[in-house]
Amino acid sequence: MTTAPRPAVAEATGAGRSTAPRPPGTGLLGRATRRTGRRRGYEALSGWLFVLPAVALFLVMGLYTVGYGFLLSFARWNGFAPHWDWVGVQNYKDLLWANPAYAPRVRHAATHTLYVMIAVPLLTVLVSFPLAVLLNSARRMQTLLRSVYFVPYVTSGIAVFFAWQYILQPDGAVNAALKTLGMGSLAQPQGWLGNPHTALPTMIVVTVWGAVPVAMLMYLTGLQTIDRSVLEAAELDGAGWWRANASVVWPLVRPITAIVVLLNLRDSLQGFQTFLVMTNGGPGDHTNVLGLEAYRLAFLKDLAPTLGLASALGWLLFAAALVLALINLRVLRSRT
Amino acid sequence: MTTDTRAAGSAPAPPANPALTTISRYGARIVVGLLLTLYGLVSLYPFLWMVSAAFKNQVEVIRGGHLIPHHPTFATITHTWNELHFFRYFMNSVEVTALTVVLTLAVYAAAGYAFAVLDFPGRGFLQKLFVALLFVPGITVMLPIVLLENKMGILGTHIGLVLPFVNGGAPLSILLMTGAFSAVPKELRESARVDGAGEFHVFTRIYLPLTRPALITVALLTAIPTWNEYLLTRVSLNNANTYTLPLGLQTLSSENVPHYNNLMAGALIVVIPVVLLFLSLQRYFVNGLVGAVKG
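Chains as they are written, first to last, in numbering that gives the first Met the number 0: chain A, 0 to 335; chain B, 0 to 294.
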């Protein structure tokens with residue numbers, strides 16, 4: 000199956016390595032070794048010059064900041080005081096259990112994050128796979144619809160989140176639509192984001208809405224690589240449309256499902272922009288998530304010495320992301 | 000081919016009834032068409048209301064309820080563009096995005112060329128280092144970036160935004176450019192080198208023209224998230240003259256009573272360029288995204 004994920008980087012290095020025992024320059028057989036030596040040197044030098052800008056930027060904006068953030072996670076600092084107070088792993092302890100001012104909030108946010116991490120990948124797959132199957136069977140309009148389905152992805156950002164906020168208001172379009180359809184009892188008089196019970200599920204729906212485009216596109220590409228003869232064979236054997244998709248197509252696209260699930264797990268774990276813009280964690284912290292909590296500790300605490308805590312929370316998120324990535328690798332390896 | 004044998008084990012084919020099949024095929028196509036259109040509406044739903052509110056005046060937007068404005072007006076958009084400084088925010092966004100795209104292309108096309116074509120010590124290690132960057136959550140480095148830029152004196156400037164944006168795009172850009180460059184036949188470089196062309200010449204005259212689709216893809220995949228970026232921008236910029244569009248929107252919404260017609264007009268100004276860019280260069284976008292996700 001061509002959709003099996005293979006890092007392009009691995010391919011590139013592989014291709015480079017295969018040419019490593021370079022054939023000596025034509026017609027220069029006698030001086031081949033010396034020439035190759037000099038050419039190697041020249042090539043190494045140009046290689047270094049070509050990556051220099053990228054590496055320089057990476058050293059400052061990447062490596063330095065990562066190292067700085069890591070050290071800061073073992074200190075207490077408010078961003079202005081001349082010195083850091085080293086506290087060892089106290090920040091991590093405070094976040095996880097020790098400090099009653101932080102640990103319960105973190106746990107609360109972790110619960111919400113967990114809900115999001117379960118619901119978003121699941122719903123995204125449940126919507127995008129059938130959608131891709133249907134879209135793949137549509138002959139006309141396929142390109143047009145694909146573009147339409149993709150708009151939520153390219154516009155993803157504060158502008159769209161404000162539009163959602165606008166239509167989810169108490170007198171917004173969603174409530175109005177429900178009333179028109181005779182389902183006025185479902186309408187939320189406090190607004191969908193104002194009611195503590197509907198706020199988190201609503202945020203999950205908005206997140207899924209934004210996640211479907213990429214997932215749908217990946218399924219669609221996968222479906223288009225499936226050999227038609229496989230489906231025709233299933234059809235000849237009397238498998239109906241439903242059965243063919245459930246027991247032939249679905250197993251074939253399983254590697255794609257694995258990627259979709261894991262990408263969305265990662266985004267659900269780390270993402271918080273939608274929450275910051277639409278609810279800011281409210282009402283009453285009912286939509287607070289871990290990323291948002293870290294952002295608050297880092298930028299919205301004025302002079303309180305919480306910068307170390309923010310860093311520590313960031314690194315806990317990193318550790319969780321790393322575990323997910325490792326599971327990702329394991330799952331993909333076992334499938335191929 | 001385990002799936003084949005499993006399918007073969009299922010029930011034998013039902014007796015075919017041509018008339019019935021035609022009807023159900025026809026019916027099925029209508030159902031499929033309806034479902035697809037329905038999801039299209041779901042995709043566009045917030046945008047429909049965005050456009051609707053942007054063409055309403057203050058009174059009408061408060062009354063709400065109806066999608067098509069009774070008294071459609073351009074005044075809201077022109078007011079937002081002129082009086083609410085969206086023209087300035089727009090130009091700032093263009094500046095930040097253009098700088099980010101140009102730098103990204105220059106820096107990572109060169110790096111991708113080195114990784115794909117040249118053999119130098121430390122190549123494998125560096126390549127892994129850049130990919131590892133993918134796993135560091137944005138929130139983990141955001142605070143150190145702000146503190147560092149504060150020390151360097153570039154916090155709050157556009158260049159202070161551009162540098163981390165460029166660096167943040169490194170893994171994806173390197174991945175795509177390395178892939179594109181290694182697809183170019185090695186013989187082209189070999190023969191040019193034999194003819195005495197320098198490495199930089201080979202890179203700019205042979206490799207760059209041949210990989211234009213990949214360059215466009217990288218430009219698009221950089222431009223769109225940069226245009227929409229809000230998190231780092233919000234904690235970096237503090238002077239309204241330097242605000243980009245997302246921050247301009249943010250200021251509109253933080254008024255005591257947000258005027259949703261102005262807010263949606265602003266949102267429309269943010270969204271339209273991105274949608275146009277996407278529609279006109281869709282092909283590159285889709286290919287690049289699929290390639291990126293697989294990597």
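Don't be surprised by glycine CBs; every beta carbon is placed ideally from N, CA and C.
So, does the stretch 284-302 of chain A touch the stretch 95-110 of chain A, judging by three or more C-beta pairs under 8 Å? yes
Please confirm whether any heavy atom of the ligand MG lies closer than 7 Å to the CB of A:A214. The ligand MG is not part of this structure, which contains no ligands at all.
Cα-Cα separation, B:T243 to B:S92: 5 Å
Would you tell me roughly how many angstroms separate the C-alpha atoms of B:V285 and B:M151, rounded to the nearest one? C-alpha separation (whole angstroms): 38 Å.
Closer than 8 Å by beta-carbon distance: list the chain A residues that pair up with B:A186, in chain order. Before going on, a small fix: residue 186 of chain B reads as Glu here, not Ala. By Cβ distance, chain A contributes nothing, its closest Cβ being about 11 Å from B:E186, past 8 Å.
In three-state DSSP terms, what is A:W85? strand
Candidates A:Y101, A:L306 and A:V205: closest to A:W163 by CA position: A:V205
Counting only beta-carbon atoms, is A:A43 nearer than 8 Å to chain B? So yes, A:A43 belongs to the interface.
Endpoints, the alpha helix (DSSP H) within which B:N81 is located: A74 to N81
Using a beta-carbon distance cut-off of less than 7 Å, what residues from the stretch 209-231 of chain B approach chain A? I223, N227, Y229 and L230
C-alpha distance - A:R75 paired with A:V150, whole-angstrom precision: 44 Å
Taking 8 Å as the CB-CB limit, is B:A113 close to chain A? yes
Listing by chain order, which chain B residues have their CB less than 9 Å from the CB of A:T305? Under the 9 Å cutoff, chain B gives no residues; its nearest Cβ is about 10 Å from A:T305.
Taking C-beta pairs closer than 7 Å, name the residues in chain A that B:Y88 reaches, listed in chain order. Ordered by position in chain A, no residue passes the 7 Å Cβ test against B:Y88, which lies about 12 Å from the chain.
Do we get a CB-CB distance below 8 Å when we pair A:F274 with the residues of chain B? no
By how many angstroms is the C-alpha of A:V213 removed from the C-alpha of A:G61? 27 Å
Output yes if chain E places a C-beta closer than 8 Å to the C-beta of A:A198; else output no. Here chain E cannot be found, since the structure's protein chains are A and B.
Count Cβ pairs between the stretch 278-288 of chain A and the stretch 135-155 of chain A that sit closer than 8 Å; are there 3 or more? no
Please work out which residues of its chain come closer than 8 Å, Cβ to Cβ, to B:V234, disregarding the five sequence neighbours upstream and downstream, and give them in chain order. M141 and V145
In three-state DSSP terms, what is A:R139? coil
Would you kindly work out how many angstroms separate the C-alpha atoms of A:L133 and B:G39, rounded to a whole number? Inter-residue distance for A:L133 and B:G39 is about 12 Å (C-alpha atoms, whole angstroms).
By the three-class DSSP mapping on this structure, what secondary structure does A:A74 have? Strand, per DSSP.
Check distances from the C-beta atoms of the stretch 109-124 of chain A to those of chain B and list, in chain order, the residues that come in under 9 Å. Along the stretch 109-124 of chain A, none of the residues has a CB nearer than 9 Å to a CB of chain B.
Would you mind telling me which residues of chain B sit closer than 7 Å to A:Y218, beta carbon to beta carbon, in chain order? Going along chain B, no residue has its Cβ under 7 Å from A:Y218, so there is no contact; the nearest lies around 11 Å.
Residues of the stretch 241-270 of chain B in Cβ contact with chain A at a cutoff of 7 Å, in chain order, please. P245, L248, Q249, S252, Y259, L262, M263, A266, V269 and V270
Ignore the nearest five residues each way along the sequence and tell me which others in A:L222's own chain have a CB closer than 8 Å to its CB. When the five nearest sequence neighbours on each side are left out, the beta carbons in the same chain lying within less than 8 Å of the beta carbon of A:L222 are those of A131, V132, N135, V248 and V252, in order along the chain.
Between B:I153 and chain A, is any beta-carbon pair separated by less than 8 Å? no
Start-to-end residues for the alpha helix (DSSP H) that takes in B:N91: F85 to V116
Going by C-alpha to C-alpha distance, which of A:D226, A:A53 and A:L121 sits closest to A:I258? A:L121
When the Cα of A:T278 is compared with those of A:T197, A:A311 and A:D236, which residue comes out closest? A:T197
Selected residue, minimal CA-CA separation from A:L95, among A:N327, A:A320 and A:L312: A:L312
Host alpha helix (DSSP H) of B:K55 (start-end): First-last for B:K55: undefined, no H or E at that position.
With a threshold of 8 Å between beta carbons, is B:L275 in contact with chain A? no
Alpha carbons only, please: which of A:P254, A:L48, A:V322 and A:T224 is nearest the one belonging to B:F199? A:L48
Taking the alpha-carbon positions, what's the B:L288 to A:D84 distance? 45 Å
DSSP state of B:F119, grouped into three classes? B:F119: coil per DSSP, three-state reduction.
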